[in-house]
Ligand code: SF4
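Residue numbers (this note's numbering), protein chains in the order written: chain W, 1 to 630; chain G, 1001 to 1349.
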């Protein structure tokens, strides 16, 4: 992935440095080694240096598997570049492995000729055995073809930190800051940013702060003095649109999108949630913002989380419930109630590998059909999806817009990859964000036969087919609603067969009508006469975009459509599909969107599927595109 | 019997928005046809509730009645206020969302023993332990009525029903014991044959700040007729109903000839007053912080074939859920801008 290099002398410590347009770095260690923290901090300083970037945290399923074993390996990949990047990279140019297990698990993800930085202090006989190595891989030829840099990180850290009076066991724990220092030196990152972050983060814990700072400095200095790394690398800043940027993860962007929706609708935001990986970070983030009009309710279970949100919606809040696949299954009956009550509700599903507990920390897109159809009865629910970390903000605002304007539950799909990966985000101007105000009913809307004004909760707006939202506390609009079928208009209980047919069709028509407010899909790449059209949704956006560009660079005509709206589909999707000679649908499931496209549009949508708990790499999709173009 | 006295009338701040227009029972009757079986105990409970509402000092628009699924859970349709008929078991959770979103509302939960103790048992426990500002009325008829007669979580062991032809194996739950076990701050029992007692109990439950739990013994005359006849019928009451009166020794029976004492080995027991010293009788104190004695009283008659305490078992004050953590209103776009720009950012161009 080191696209172009240009060697000059005069980098850090007077060593020669070379300019590279992009580099993929993978950090791996025990789950207790702080690799995620190190990776995130390296990402943050790279963002401040103006690089384009994309990250892929790769968590183990166990909180703390036995130290030094393969199930305990936690990895973090970051792609930094001087040009726009859309994926965390096909493979790593540099692997930092804190122990043999990390080396064993992650070496297959390193490019041939890549750099492997090893913490040699962790390569004792027991460590090797725990990782399943009979012989030290440094002696077997396993590392042949890689540039191996052996650094005794633990002992260098402990020696320096012990002078501060820190016990060796505690001193050892700062070794990830040594690694961070070394990486900052290797890539010319501004150490001052890291130093001030360490001071902030460990403020009040004097000894830990001093230990981490010292380890960081030792790592930096080691780079300066060692002969092991002869060349440092410079990644120039990317040329960007003017604006203010920040680095943001999908779950934070989604949380802020929900907060934004509350401001734009001028409604308090109510989150009912039950902790579940990988959605809990949204509960954590929203619970920090009561000052933004946010109430978080950590419920006793997924069902209570959803039904409490429905209660809050009835009472006039912008109501949200967040979960992952297993929780969406538990909420199904309650979402059906919200369909019947016709109340606004945003249901967020951060998808993970399934079925059942599946792969809780790994990504998948296999809840699309559950979102579409996972309820009893005819129960249409709009579905929207986010395509990249920063897009989670816009997707959340859009989900809230639909929910409020149409008084309907909306399912917003993200996934474990989007949730935890980060990228730079150009902050939107708040004035440019849409107005989501809908207003409550305040007056009776109907006249009884005897001439008295009355309120009919199911008298619909002729344009949107949305029913009025009258909240408790409003005098004169007292009414009762429930899950039993209601008479069209009055909302009274009705078991009349013709009325049920009409209400079922009205609910379907209301959701179908949302398409009228959805922008037509934009075709990226070769919109005219493509040889193949790639249709994607959700987090595959980055890999598809990159793959399409690579194949186009080889002279082929490829178009790409990425769907924000999965129900209803954008109004022009049928035409775009009909115009394409071949349609390829890459998904992290076994063909769920492909199934929908085939049944809706009668097109030969060909699925490309991956359910390995990892996102597609662009390289994998290039292979698939070349196959279909053959 | 005489209604229990009211020791403390806890005012409900936030519900106080100027003088509340007076209402009568008729103002609270909706235009919906009531569809319970003729003779069902639910009718008299509904009537008592609609008689009690004018005394509660609430506006019609500020009342929300939430039901789950079951005969009792149809209640919201019949009360002319705001109402939500939800899904089976979830009424306490739905009501929690409503109460958190608007603390000015008076939110009632109505459900049966199946709705609130079986499928919804979890939600009931958590609404009570959190002390959400709800008034929860559990109509206990010890049977599944709407699904036509299966044994319920409060049915006695050995009950023969369509789903237990050889007698049910399950040990029953005792609703008040469950509520006290969850540390509910207001716990009371009343029954469908005594309107005055129901009215007063509902009024007190509503006046309580926090989660109020009321078990209403209710007759399902179709599937479990006479379940409480031994205690609630007019002729039986004197012998079988133990009125709980704040600050008074617990006595009942002809001329107060029987009473309740605490036996350190057994718990609460019924005695002939003549057999014990009068000052040995248990003096009822619903404000005891420790729920232990209230719990002992809740075990006094595990089945409705023995003298059964009726009235307020417990009424203590604890912070109301969600009030201290109430968020402010959404501050608007400028504050959003400040949030987006908070922390580490960089500027290009
Ligand atoms: S089945 Fe029983 S509880 Fe239900 S309405 Fe009929 S009598 Fe009442």
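For each residue, glycine too, the CB sits at the ideal point set by N, CA and C. Because the structure is a prediction, the values reported are computed rather than measured.
Residue burial classification, residue i (beta-carbon count within 10 angstroms, cutoff 16)
i	result
residue 440 of chain W	exposed
residue 1224 of chain G	buried
residue 376 of chain W	exposed
residue 1004 of chain G	With a pLDDT of only 42 at residue 1004 of chain G, under the threshold of 50, the placement of this residue in the model should not be trusted, and no figure is reported.
residue 203 of chain W	exposed
residue 63 of chain W	exposed
residue 530 of chain W	buried
residue 379 of chain W	buried
residue 501 of chain W	exposed
residue 480 of chain W	buried
residue 1 of chain W	Confidence in residue 1 of chain W is poor, its pLDDT being 46 and thus under 50, which makes the residue's placement unreliable; the coordinate value appears in the next sentence. Classification of residue 1 of chain W: buried, given that the 10 Å Cβ count is 16 or more.
residue 129 of chain W	exposed
residue 1342 of chain G	exposed
residue 1204 of chain G	buried
8 Å Cβ cut-off: residues of chain G touching residue i
i	result
residue 245 of chain W	1345, 1346, 1347 and 1348
residue 263 of chain W	1330, 1331, 1332, 1333, 1335 and 1336
residue 259 of chain W	1336 and 1339
residue 430 of chain W	1333, 1334, 1336, 1337 and 1340
Partners in chain W for residue i, counting only beta-carbon separations shorter than 8 Å
i	result
residue 1061 of chain G	472, 473, 474, 475, 476, 477 and 478
residue 1191 of chain G	None at all; the shortest Cβ gap to chain W is about 27 Å.
residue 1104 of chain G	473
Check: residue i C-beta below 7 Å from any heavy atom of ligand 1
i	result
residue 1223 of chain G	yes
residue 1037 of chain G	yes
residue 1137 of chain G	no
residue 317 of chain W	no
residue 1146 of chain G	yes
residue 1113 of chain G	no
residue 1220 of chain G	yes
residue 306 of chain W	no
residue 1042 of chain G	yes
residue 987 of chain G	Since the first and last residues shown for chain G are 1001 and 1349, residue 987 of chain G lies out of range.
residue 1140 of chain G	no
Beta-carbon neighbours of residue i, restricted to chain W and to distances below 9 Å
i	result
residue 1126 of chain G	299, 300, 301 and 304
Contacts that residue i makes with chain G (C-beta to C-beta distance below 9 Å)
i	result
residue 266 of chain W	1329, 1330 and 1332
residue 396 of chain W	Going along chain G, no residue has its Cβ under 9 Å from residue 396 of chain W, so there is no contact; the nearest lies around 13 Å.
residue 427 of chain W	1337, 1340, 1341 and 1345
residue 256 of chain W	1336, 1339 and 1340
residue 333 of chain W	1087, 1088 and 1090
Length of the line joining the Cα atoms of residue i and residue j
i	j	result
residue 1163 of chain G	residue 1025 of chain G	40 Å
residue 3 of chain W	residue 296 of chain W	In this predicted model, residue 3 of chain W has a pLDDT of only 49, less than 50, meaning its place in the structure is not dependable; the value taken from the coordinates is given anyway. Between residue 3 of chain W and residue 296 of chain W, the C-alpha separation is close to 47 Å.
residue 1333 of chain G	residue 443 of chain W	29 Å
residue 306 of chain W	residue 273 of chain W	7 Å
residue 138 of chain W	residue 398 of chain W	53 Å
residue 1151 of chain G	residue 1158 of chain G	10 Å
residue 276 of chain W	residue 1320 of chain G	27 Å
residue 119 of chain W	residue 1115 of chain G	60 Å
residue 1244 of chain G	residue 1316 of chain G	16 Å
residue 92 of chain W	residue 77 of chain W	8 Å
residue 519 of chain W	residue 570 of chain W	7 Å
residue 1269 of chain G	residue 1251 of chain G	12 Å
residue 281 of chain W	residue 1214 of chain G	38 Å
residue 225 of chain W	residue 140 of chain W	29 Å
residue 1265 of chain G	residue 1237 of chain G	28 Å
residue 1013 of chain G	residue 267 of chain W	Because residue 1013 of chain G carries a pLDDT of 38, less than 50, the predicted location of this residue cannot be relied on, and the following value inherits that uncertainty. Cα to Cα, the separation comes out at about 23 Å.
residue 210 of chain W	residue 165 of chain W	10 Å
residue 1165 of chain G	residue 1149 of chain G	12 Å
Cross-chain neighbours of residue i in chain G, by beta carbon under 7 Å
i	result
residue 374 of chain W	In chain order: nothing, as chain G lies at least about 16 Å away.
residue 295 of chain W	1100 and 1327
residue 292 of chain W	1330, 1331, 1335 and 1339
Neighbour list for residue i in chain W, Cβ cutoff strictly below 7 Å
i	result
residue 1080 of chain G	478
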